[in-house]
Amino acid sequence: MPLPASAAPSAHFLPFARPTIDEETIAGVAEVLRSGWITSGPQVKALEAKISEYCGGRPVRAFNSGTCTMEIALRIAGVGPGAEVITTPLSWVATSNVVLEVGARPVFADIDPVTRNLDLDRVEAAITPATRALIPVDVTGLPVDRDRLYALATKHHLRVVEDAAQAFGSQWRGRRIGAFGDFVSFSFHANKNITTAEGGCLVLNDDREARLAEQYRLQGVVRSGFDGMEVELVGGKFNLTDVAARIGLGQLPHLEAFTAQRRALARAYFELFAAAGAPDLGLRLPVPDFVNSNWHMFQVVLPEERLTVRRTEVMAQMHAAGIGTGVHYPAIHLFALYRRQGWKAGDFPHAEYAGRNLLTLPLFPAMTAADVRRVVVTLTDILLKHRKS
Ligand SMILES: *Cc1c(COP(=O)(O)O)cnc(C)c1O
């Protein structure tokens, strides 16, 4: 079926993200569809087992998003009304929405403008007697310093829900993200490094937590024998389908190659931006980490003080040149929902600047170095054209 003309990019349009799904996976999904069992079943169990193996044998449960995973982690940790949870204002809004969802209060701490992740000194300064948990986010897959994070959490007796939605395939000091720490939440949304179209998983600490996660996942139901059923808590409807899980099973064998290709493309961005003189134009590049980061995204920060146009105009011109870009993300505390809770412009200057000026450039495994060159040339031309004199 042809797409409507308005949604059909030109043949050469380069999106900022695109999943890579092989024919074997497509055939596998067809097999699941023909099997007579298409919702949660053996494929979900197999996906959980594979990810658990990847995470050093820790318990893993799959869900239909990388949002409910965090909500459920907070519930398992007993975080609710009266509690404060410290997180970053520069993330997908799910990160703080889950805190509101469980009736607790999100408290923001500003980012480090270089890593664009939570500034842990500011996190420590934001801790109060009501603080119960931290939700650090590995933005673009660049990990938050896990040594400092867990030293802080231990010192103040706080639970940690790692929002590692973007960090599947990342590592910290040679250890995989997910293989250590407290709760770790991954997302398998279509744009993430490994996808199930929509989905996610939660890495837990022990069997007790895993059983609770299963209850929260499906209406609080506990089954025993052929017809035994009990309900002890209010759960939701958060189970992953076998159709989706089969996609994930077909993705996992490619994880290393996907990450290697993303790193290679990120390197090409640094080399070509340097050659194009982009730093002299004031363009800020990400941290050049080729060890820990899975390069979920390649983001630059536009120099607003040196440009005569805003980001939206830069994006429009990139789009006109056949290049997709994204904004990840506007600062959360400036959304109406959060302003109503008392947050305001000026509270977190680094996150606000990044929120206004970050630009996500195309990066996905099927891209080529020629695509990177095209992005770099197009963006530097636009910056030159609109430079303040
Ligand atoms: C994608 C993402 C989520 C949410 O994942 P969903 O699977 O879309 O619910 C949460 N936090 C961050 C940082 C993300 O990038």
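So the sequence shown is numbered by the working numbering: it starts at 866 and just counts up by one. Just so you know, even glycine gets a beta-carbon here, dropped at the ideal spot from N, CA and C.
TODO: Report all residues from its chain with a CB closer than 8 angstroms to the CB of Leu879; omit the five preceding and five following residues, and keep chain order.
DONE: Only Gly1187, Ile1188, Gly1189, Pro1227, Met1232, Asp1236, Arg1239, Val1240 meet the Cβ criterion.
- [ ] With a threshold of 16 other CB atoms inside 10 Å of the CB of Val944, please say whether the residue is buried or exposed.
- [x] Classification for Val944: buried.
Open item on the list: Report the CB separation of Ile976 from Asp984 in whole angstroms; it is logged as a contact under 8 angstroms.
Closed with: About 6 angstroms; that satisfies the 8 angstroms criterion.
Task: Contact test: His1054 Cβ vs ligand 1 heavy atom, cutoff 6 angstroms - done: Correct: His1054 has its Cβ closer than 6 angstroms to ligand 1.
Open item on the list: If the criterion is Cβ atoms closer than 7 angstroms, does the pair Phe1103 and Cys920 meet it?
Closed with: The criterion of a C-beta distance shorter than 7 angstroms is not satisfied by Phe1103 and Cys920.
TODO: For Cys1066, write down the residues that DSSP places opposite it in a beta bridge.
DONE: DSSP, once it has assigned bridges, lists Ala927, Phe1051 as partnering Cys1066.
- [ ] Using 6 angstroms as the cut-off, classify the Cβ of Gln1164 as near or not near the heavy atoms of ligand 1, replying yes or no.
- [x] In this structure, ligand 1 has no non-hydrogen atom nearer than 6 angstroms to the beta-carbon of Gln1164.
Task: 4 or more residues per run - each alpha helix (DSSP H) lying fully within the stretch 983-1040 - done: As far as the stretch 983-1040 is concerned, its whole alpha helix (DSSP H) runs of at least 4 residues are 985-991, 1011-1020.
Open item on the list: Just checking: is the beta-carbon of Ala1143 within a distance shorter than 7 angstroms of some beta-carbon in chain B?
Closed with: Annotation note: the requested chain B is absent from the structure, which comprises a single protein chain.
Open item on the list: Measuring only from the beta carbon, is Val1002 closer than 6 angstroms to any heavy atom that is part of ligand 2?
Closed with: Absent from the structure shown: ligand 2. Ligands present: ligand 1.
- [ ] May I ask you to report which of helix, strand or coil DSSP gives Pro1118?
- [x] Looking at Pro1118 - three-state DSSP - the assignment turns out to be helix.
Task: Integer Cβ distance of Gly906 from Asp1107, believed to fall under 8 angstroms - done: Confirmed, Cβ separation roughly 5 angstroms.
Task: Within the stretch 1120-1166, ranges of the alpha helix (DSSP H) (whole runs, at least 4 residues) - done: Listed in chain order, the complete alpha helix (DSSP H) runs (minimum 4 residues) inside the stretch 1120-1166 are 1120-1140.
TODO: Please name the residue, chosen from Ala1185, Trp1037, Ala998, that lies closest to Val877 on a Cα-to-Cα basis.
DONE: Sequence check: residue 877 is His here, not Val. Closest option to His877, Cα to Cα, is Ala1185.
Open item on the list: Nearer than 6 angstroms: is that true of the beta carbon of Ser1158 relative to any heavy atom of ligand 1?
Closed with: False, no ligand heavy atom lies under 6 angstroms from that Cβ.
Task: Contact set for Ala870: own chain, Cβ-Cβ below 8 angstroms, skip 5 residues either direction - done: Because Ala870 carries a pLDDT of 44, less than 50, the predicted location of this residue cannot be relied on, and the following value inherits that uncertainty. Taken in chain order, the list of residues that qualify is empty.
Open item on the list: Among Asp1154, Pro1168, Ala1030, whose alpha-carbon lies nearest the alpha-carbon of Thr1061?
Closed with: The residue among Asp1154, Pro1168, Ala1030 with its C-alpha nearest the C-alpha of Thr1061 is Ala1030.
Task: heavy atom of ligand 1 below 6 angstroms from Ser900 C-beta - done: The beta carbon of Ser900 sits no closer than 6 angstroms to any heavy atom of ligand 1.
Open item on the list: Rounded to the nearest angstrom, what separates Ser875 and Leu1120 at their Cα positions?
Closed with: With a pLDDT of 48 at Ser875, under the threshold of 50, the modelled position of that residue is not reliable, and the figure given next carries that caveat. Near 29 angstroms, if we compare the C-alpha coordinates of Leu1120 and Ser875.
TODO: Look at Gly1046 and Glu1074 and say whether their C-beta atoms are less than 7 angstroms apart.
DONE: When the beta-carbon positions are compared, Gly1046 and Glu1074 stay at least 7 angstroms from each other.
TODO: List the residues that DSSP assigns as beta-bridge partners of Pro971.
DONE: According to DSSP, Pro971 shares a beta bridge with Val950.
Task: For Gly906, the three-state DSSP class (helix, strand or coil) - done: Gly906: coil per DSSP, three-state reduction.
- [ ] Check whether the Cβ atoms of Phe1155 and Arg1128 sit closer than 7 angstroms, and answer yes or no.
- [x] Their beta carbons are under 7 angstroms apart, which means Phe1155 touches Arg1128 by this criterion.
- [ ] List the endpoints of the continuous alpha helix (DSSP H) containing Val894.
- [x] Where Val894 is concerned, the enclosing alpha helix (DSSP H) stretches over 888-899.
- [ ] In angstroms with no decimal places, state the Cα-to-Cα distance between His1054 and Ser1254.
- [x] Their Cα atoms are separated by approximately 43 angstroms.
Open item on the list: Taking a contact to mean a Cβ-Cβ separation below 7 angstroms, would you say Ala995 touches Val950 in this structure?
Closed with: No. Outside cutoff.
Task: Span separating the alpha-carbon of Gln1182 from that of Asn1159 - done: If I take the Cα positions, the gap works out to 29 angstroms.
Task: Between the CA atoms of Val897 and Pro978 - distance to the nearest angstrom - done: Distance between the alpha carbons of Pro978 and Val897: 46 angstroms.
Task: Length of the line joining the Cα atoms of Gly1113 and Pro1008 - done: Each residue's Cα considered, the two are about 23 angstroms apart.
Task: Residue of Ser1089, His1198, Ala1141, Ala1196 minimising C-alpha distance to Thr1243 - done: For the residues Ser1089, His1198, Ala1141, Ala1196, the minimum Cα distance to Thr1243 belongs to Ala1141.
Task: Cβ-based burial, Leu1249 [other Cβ within 10 Å; buried from 16] - done: So Leu1249 ends up on the exposed side.
TODO: Please name the residue or residues paired with Thr1225 in a DSSP beta bridge.
DONE: Note: Thr1225 sits in a beta bridge opposite Gln1164, Gly1191.
Task: Separation of His1161 from Ser1035, as counted between CA atoms - done: Distance between Ser1035 and His1161, taken at the CA atoms: about 9 angstroms.
Open item on the list: Between Gly893, Tyr1194, Met1094, which has its C-alpha nearest Leu955's C-alpha?
Closed with: Minimum Cα-Cα distance from Leu955 among the listed residues Gly893, Tyr1194, Met1094 corresponds to Tyr1194.
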